[in-house]
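Residue numbers (this note's numbering): 771 to 877.
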């Protein structure tokens, strides 16, 4: 393999396979230049992949916050629309009681 690649760059040995060897030389050079641009530039492939992963992570976080907001909106509608549920919430969260109720707090 090393002999073949060494001979690839020697144009005297092209013989009747001149077009094939010439195309192969151009393909190798183009591949090397492409790889250099992909990995050595400021906006390289690694940064692009990391940005994509970060974007997906942020999209999942946005979806989670939207679900939380929908749940909070639902709770607000329930509490503002029904007096009994508002009273139950106040009793559970803030230990409110009506006059004459016995209050037992267990934690």
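No residue lacks a Cβ here, since even glycine has one placed at the ideal position from N, Cα and C.
Residue span of the alpha helix (DSSP H) that contains residue i, given as start and end
{"i": "residue 867", "result": "It is not in any alpha helix (DSSP H) - residue 867 carries neither H nor E in the DSSP assignment."}
Proximal residues to residue i (C-beta, below 8 Å), its chain only, five neighbours per side dropped
{"i": "residue 816", "result": "809"}
{"i": "residue 865", "result": "873 and 875"}
Per-residue DSSP class, three states only, for residue i
{"i": "residue 850", "result": "helix"}
{"i": "residue 875", "result": "coil"}
{"i": "residue 843", "result": "helix"}
{"i": "residue 817", "result": "helix"}
For residue j and residue i, believed in contact at Cβ under 8 Å, the rounded distance
{"i": "residue 842", "j": "residue 849", "result": "Residue 842 to residue 849, Cβ: 11 Å. No contact."}
{"i": "residue 867", "j": "residue 858", "result": "With 8 Å as the limit, residue 867 and residue 858 do not qualify as a contact, their Cβ atoms being about 12 Å apart."}
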